[in-house]
Amino acid sequence: MKVDTMRAIDHWVGIPLCFLATVGLWLSGRLRPRTQVPRRILFVELSEMGSTILADPAMRKAARLFGAELFFVIFRSNVASLALLKTVPEANIYTIRADRLTHLASDTLGFLRWTRAKRIDSVIDLELFSRFTALLTGLSGAAHRVGFHRFHGEGLYRGEMLSHAVAYNPHIHIAKNFIALVNALAAAAPELPYSKTCISDDELTLAQVTVPEEGRTAMRQRIAEIYPAYDSARHRIVLLNPNASELLPQRRWPQENFAALARALLGSWDDLLILITGAPDEAAEAEQLRGMVAHPRMINFAGRQQLAELPWLYALSAAMITNDSGPGHFAGVTGLPTVVLFGPETPALYGPLGRGHAISAGLACSPCVSAANHRKTPCRDPVCMRAITPEQVFAAVHSLLEK
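Numbered by numbering that gives the first Met the number 0, the letters in the sequence shown go through residues 0 to 402 in order.
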């Protein structure tokens with residue numbers, strides 16, 4: 000389904016369903032507080048692949064605090080992101096199809112059976128004011144239901160089904176907000192709002208992927224198939240990720256800016272090999288970018304690696320330049336130096352946790368997406384991205400390559 004269709008369903012269908020579910024649970028007595036040590040914790044995060052990486056410190060803290068078994072529910076199209084760190088066992092992941100309304104409905108009913116079969120006792124809803132995930136959380140049958148509550152915020156109603164209502168803080172990194180949800184579950188006594196705790200930057204350290212030598216070898220061979228002159232001892236690889244999901248296409252830096260940056264990089268270093276990355280359905284656009292530069296050391300690599308293989312490629316690379324999208328966060332689990340370009344969103348909330356350098360033009364209208372507008376902007380002319388110049392990005396990459 001299209002993103003706007005899902006937003007409309009979440010609003011027009013979700014609000015009355017959240018009200019009815021709240022009334023039903025209240026009448027049945029299932030909203031009464033229950034004392035139970037968390038042992039089987041389910042995390043709910045459906046729509047953003049990069050957020051599964053940003054949530055990893057919170058998930059690891061939950062496992063450490065409670066000695067709990069972890070579970071996860073996510074849209075099927077995004078499930079590959081969980082395979083990068085493998086914090087949640089594959090057998091403990093439930094996927095929901097969102098391509099058709101009938102699939103969404105049937106998988107939702109299946110989810111309610113699955114939570115009971117798995118004896119889930121705690122649910123942590125990581126989504127920002129989604130009515131759909133509020134319903135999944137409220138109807139899960141779990142004793143503990145943790146999530147962000149609107150309190151006195153206007154327009155964000157999603158029922159009253161939480162046992163631990165946490166105030167979302169737009170002034171701290173989203174990874175700290177996720178940890179705040181886990182801290183709420185560990186509270187010794189009821190709070191209003193929950194999670195009156197201090198979260199240090201040290202808690203945001205990402206686990207690192209160990210890349211096997213066979214993975215590096217396989218990726219070297221794949222690169223050599225396209226560029227036979229590739230020599231890993233001589234060439235340094237720089238990755239360009241010019242893509243951003245349809246959830247927020249305004250995040251894309253102009254293609255001509257990527258082309259200008261590539262020309263500057265290739266003209267400055269004879270040992271650089273630039274690979275354009277992306278999914279298979281992004282290969283045509285990547286080829287267009289390659290054609291704009293028309294340089295033998297500029298390679299269209301889109302669609303030539305699966306998401307789970309990205310750490311293999313990142314381990315061979317010297318730097319990456321990317322729009323604000325999943326790869327900027329995936330790189331954090333490998334230590335790859337990354338330049339991430341922000342416009343509609345703010346790095347204060349969604350900046351990379353690894354060796355990432357965020358660039359933003361700092362326009363007065365930016366960020367224009369937030370939890371309050373469900374990440375939907377009226378902007379059709381993202382000046383915030385065009386205002387970031389190739390020269391700015393080149394300077395940032397130069398500092399990485401010359402270290």
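Yeah, the Cβ is synthetic: ideal placement off N, Cα and C, and Gly gets one too.
Span of the beta strand (DSSP E), counted from its first residue to its last, around residue i
i: M297; result: M297 to N299
i: S403; result: Outside the modelled stretch of the chain, which goes from 0 to 402, sits residue 403, for which no answer is possible.
i: H294; result: Careful: H294 lies outside any beta strand (DSSP E) and carries neither H nor E.
i: A164; result: H163 to A166
i: R235; result: R235 to N240
i: F150; result: Careful: F150 lies outside any beta strand (DSSP E) and carries neither H nor E.
i: T94; result: I92 to I95
Residue nearest to residue i in terms of C-alpha spacing, selected from the options
i: L246; options: T21, R219, D323 and H294; result: D323
i: Y226; options: E202, R296, M218 and L288; result: R296
i: G325; options: G28, F18, L30 and L83; result: L83
i: I459; options: W252, R374 and A7; result: Past the edges of the chain, shown from 0 to 402, lies residue 459, and the structure says nothing about it.
i: E390; options: Y349, V292, L264 and L309; result: L264
i: D98; options: T4, D201, L340 and R63; result: T4
i: N182; options: I123, E401 and S398; result: I123
i: V338; options: E68, I95, L399 and Q254; result: L399
i: G355; options: A395, E281, G266 and P377; result: A395
i: A386; options: A360, H148, E284 and A285; result: A360
i: D201; options: R115, I178 and L127; result: I178
i: E89; options: V72, A104, L103 and E213; result: V72
i: M58; options: S46, K85, V78 and F128; result: K85
i: N91; options: T114, D106 and T101; result: T114
i: H397; options: A371, V78, S267 and N256; result: S267
i: V208; options: A330, L19 and F393; result: A330
i: N77; options: L272, Y93, A371 and E68; result: Y93
i: H163; options: A174, L191 and L260; result: L191
i: I173; options: G152, A188, I198 and A61; result: I198
Under 7 angstroms between C-beta atoms of residue i and residue j
i: R235; j: R303; result: no
i: S80; j: M48; result: yes
i: P32; j: F65; result: no
i: I95; j: F74; result: yes
i: F341; j: A357; result: yes
i: P381; j: Q249; result: yes
i: G353; j: L205; result: yes
i: H373; j: I52; result: no
i: P310; j: V210; result: yes
i: E281; j: A258; result: no
i: N299; j: A283; result: no
i: A54; j: L125; result: yes
CB contact below 7 angstroms: residue i versus chain B
i: N168; result: Reference to chain B is not applicable here, since this structure consists of a single protein chain.
Local conformation of residue i per DSSP, three classes
i: F110; result: helix
i: V338; result: strand
i: S121; result: strand
i: I40; result: strand
i: T388; result: coil
i: V12; result: coil
i: V181; result: helix
i: G23; result: helix
i: G355; result: strand
i: Y193; result: strand
i: R99; result: coil
i: R144; result: strand
i: I273; result: strand
i: R262; result: helix
i: P88; result: coil
i: D380; result: coil
i: M5; result: helix
i: I173; result: helix
i: S365; result: coil
i: M58; result: helix
i: R250; result: helix
i: H373; result: coil
i: L45; result: coil
i: A206; result: coil
First and last residue of the uninterrupted alpha helix (DSSP H) at residue i
i: G137; result: R130 to G137
i: E68; result: Counting along the chain, E68 falls outside any alpha helix (DSSP H), though it belongs to the beta strand (DSSP E) covering E68 to F74.
i: I222; result: E212 to I225
i: L53; result: M48 to L53
i: H328; result: G325 to F329
i: P346; result: P346 to Y349
contact_flag[the stretch 40 to 53, the stretch 130 to 139] where n(CB pairs < 8 angstroms) is 3 or more: The stretch 130 to 139 and the stretch 40 to 53 touch, with three or more beta-carbon pairs separated by less than 8 angstroms.
Cβ contact (3+ pairs, closer than 8 angstroms) linking the stretch 167 to 178 and the stretch 335 to 355: With the cut-off at 8 angstroms, the stretch 167 to 178 and the stretch 335 to 355 touch.
Inter-stretch contact at 8 angstroms, needing at least 3 Cβ pairs: the stretch 325 to 334 / the stretch 364 to 379: Taking one beta carbon from each stretch, the stretch 325 to 334 and the stretch 364 to 379 have fewer than 3 pairs nearer than 8 angstroms; the two do not touch.
The stretch 117 to 134 / the stretch 145 to 165 touching (three or more Cβ pairs under 8 angstroms): Pairwise C-beta distances place the stretch 117 to 134 in contact with the stretch 145 to 165, as three or more of them are shorter than 8 angstroms.
Given 8 angstroms, three or more beta-carbon pairs between the stretch 280 to 296 and the stretch 3 to 18: No: the two stretches stay apart, fewer than three of their Cβ pairs being nearer than 8 angstroms.
Inter-stretch contact at 8 angstroms, needing at least 3 Cβ pairs: the stretch 310 to 318 / the stretch 204 to 223: Note that the stretch 310 to 318 touches the stretch 204 to 223; at least 3 beta-carbon pairs, one per stretch, sit closer than 8 angstroms.
Three-pair Cβ contact test at 8 angstroms for the stretch 275 to 283 versus the stretch 347 to 356: They do not touch, by the three-pair rule.
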